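Notes follow the structure.
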Amino acid sequence: MVQRGNRADVELVEDDEPSARVGATSDAGPGTGRRTARPGRRRLVLAAAAVVVVLVAAQVVSDARERAVLAGLRALPGVLAPVPDALDVRWRTPGDRLPLAVLGTGSALVGVRSTPAGTELAALDPATGADAWALPLTAPPAGARDALGTPVPWCSGSPAPPDALPERVACLATDAWQRDAGLVPQDVPATTSRLVLVDTADGSVVADHVVDAAPGVPATSLALLGDVAVLAHPVADGLLVRAVDATTGAARWTREAAGGSGATALRSTDGGVLVPAPDGLELVDASGTVLRRVPLPPDARADVLWQPDGTPRAVLDAGGPWYLVGRARDVVLPGPPVHVAVDDGRAGPLVLATSEHGLHAVDGTTGDERWAAPVPGVHRALVLRGRVHAVTEEGVTTYDARTGEVVWARERPATEVWGGSVMTDGRDLLVPVADASTGEVLRLDRLALPDGRVGGTVRVPPGLALVTTAGGLLTGWDLAGDGLVALG
């Protein structure tokens with residue numbers, strides 16, 4: 063039998079400190095080496111824990127800051143909500159039910175639709191694709207058996223981003239119509255015009271009144287400046303421009319543009335409207351005050367550049383340089399402006415334009431060129447977090463918005479083509495990729511904004527082309543059914 067003697071508890075200590083080892087000496091005297099190692103070890107542990115806490119706290123702060131930035135970006139016009147890894151069909155609608163986008167500003171889901179009875183202003187419900195409301199605008203004369211239809215009315219809306227409805231839409235409804243005259247249809251000109259003001263929340267008519275300058279002198283175009291509707295009336299010796307209260311129809315002011323440029327379409331820009339004048343154009347505000355005169359070469363053509371927030375800026379094509387018209391001055395561009403789908407403002411007042419030499423970044427305030435890049439064919443851009451993401455048919459190139467230095471570039475594979483618009487959800491660029499032979503969209507590639515790496519793909523339903531955004535939705539075109547498909 064094994065006898066057990068008196069037992070003693072033994073404390074085993076592992077430590078790398080020399081003073082904790084057997085036989086080590088210590089200045090504190092014999093037998094103290096093991097105790098003096100503990101405070102040093104504890105300090106090391108506490109220091110390591112403090113470092114971990116600091117790193118974790120820094121990461122938490124960084125993550126919170128990134129979430130705040132991302133939330134801010136996703137509140138911008140044109141930025142999508144988070145897109146799932148697989149898209150499903152939410153609804154479909156035939157192409158002949160789609161409203162014609164006549165406003166330029168606001169959601170593409172509101173516009174004018176031609177019907178057998180004439181035309182109507184309509185808005186689609188983004189949740190279902192059904193009509194949210196529809197309002198008849200024009201119709202041929204009653205009993206006209208040879209009527210083919212009526213022309214699309216001129217409409218103008220209050221500025222709105224592309225994912226929202228304009229608060230109000232004003233349309234010119236006239237009695238113009240088209241008759242069947244054999245091989246060539248005959249246009250019957252308007253003799254009278256009505257201003258129809260519509261609340262887009264429910265399609266209700268806010269006002270409907272005749273706005274002829276005189277009997278037989280209808281308005282043919284309009285620009286809505288707040289609660290003022292500016293109307294253009296072609297007359298024998300030029301153009302008569304009138305402003306009325308959009309709600310009451312009361313006259314505000316009248317200007318004659320006798321001997322002007324011959325243009326009859328009014329263009330809104332920078333809070334005013336461009337009115338033809340004998341030596342060019344005049345920029346007039348809602349009160350009728352001439353803000354400035356804009357020289358116009360004889361062959362120049364006026365157009366509108368829509369900003370990401372839905373506000374219009376007039377551009378003039380002078381056959382070489384282009385001019386971005388503003389209240390204080392014009393910004394001269396070396397070529398046509400590039401459509402900027404999203405701009406978070408961090409690059410400042412930046413205007414992008416193209417020429418035979420490539421892409422140009424121009425300061426929108428001073429008109430000075432910041433930088434130029436020899437990349438041809440840029441047709442779309444997104445300006446985010448101090449960078450310009452420029453899209454061509456060949457790929458995407460990202461530049462530092464301040465210097466023009468290339469940050470990253472990604473070329474499109476030769477066997478594929480873009481299958482729609484390059485978009486963003488604030489975290490990635492979403493690039494629709496389609497088969498080069500059929501045009502069918504294969505997927506959406508997620509390109510990371512910082513470096514362009516493919517971070518994943520988004521599956522799309524088969525049989526779609528031209529994936530883009532409309533009214534804040536991801537949409538595609540049904541190749542077989544010839545209609546719009548909403549995705550989600």
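What the sequence shown shows, in this note's numbering, is residues 63 to 550, in sequence order. Backbone N, C-alpha and C fix where the C-beta goes; we use that ideal spot for every residue, glycine too. A quick note: this is a predicted structure, and the numbers were derived from the prediction, not measured.
- The C-beta separation of D392 from V445 comes to about 22 Å, leaving the pair out of contact by the 8 Å criterion.
- Here DSSP, grouped into helix, strand and coil, assigns A201 to coil.
- Here T428 is exposed, its C-beta having fewer than 16 other C-beta atoms within 10 Å.
- Under the three-state reduction of DSSP output, G102 falls in the helix class.
- The three-state reading of DSSP puts L171 in coil, since its state is none of H, G, I, E or B.
- It is roughly 29 Å from the alpha-carbon of A209 to the alpha-carbon of A194.
- Burial of R508 is indicated by the presence of at least 16 other C-beta atoms within 10 angstroms of its C-beta.
- In this structure, DSSP gives G342 an extended state, which the three-state scheme calls strand.
- The secondary-structure analysis by DSSP pairs L444 across a beta bridge with V404, H451.
- The closest CA to that of P202, considering only S283, D237, V402, D264, is found on D237.
- Scanning the region 488-535 for uninterrupted beta strand (DSSP E) segments of 3 residues or longer gives 490-497, 503-510, 516-521, 526-532, listed from N- to C-terminal end.
- In the three-state reduction of the DSSP assignment, R159 falls in the helix class.
- Our two residues, G211 and W368, have alpha carbons roughly 30 Å apart in a direct line.
- Contact between the region 493-505 and the region 157-176 is absent, with fewer than three C-beta pairs closer than 8 Å.
- For the pair L541 and A532, the CB atoms are not nearer than the 8 Å cut-off.
- Contact between V529 and L506 holds, since their C-beta atoms are separated by about 7 Å, short of 8 Å.
- At a Cβ-Cβ threshold of 8 Å, A291 and V306 count as neighbours.
- The beta carbon of T190 lies closer than 7 Å to those of W153 in the same chain, with the five residues before and after it left out.
- By the neighbour-count criterion, in which a residue is buried when 16 or more other Cβ atoms sit within 10 angstroms of its Cβ, T253 is exposed.
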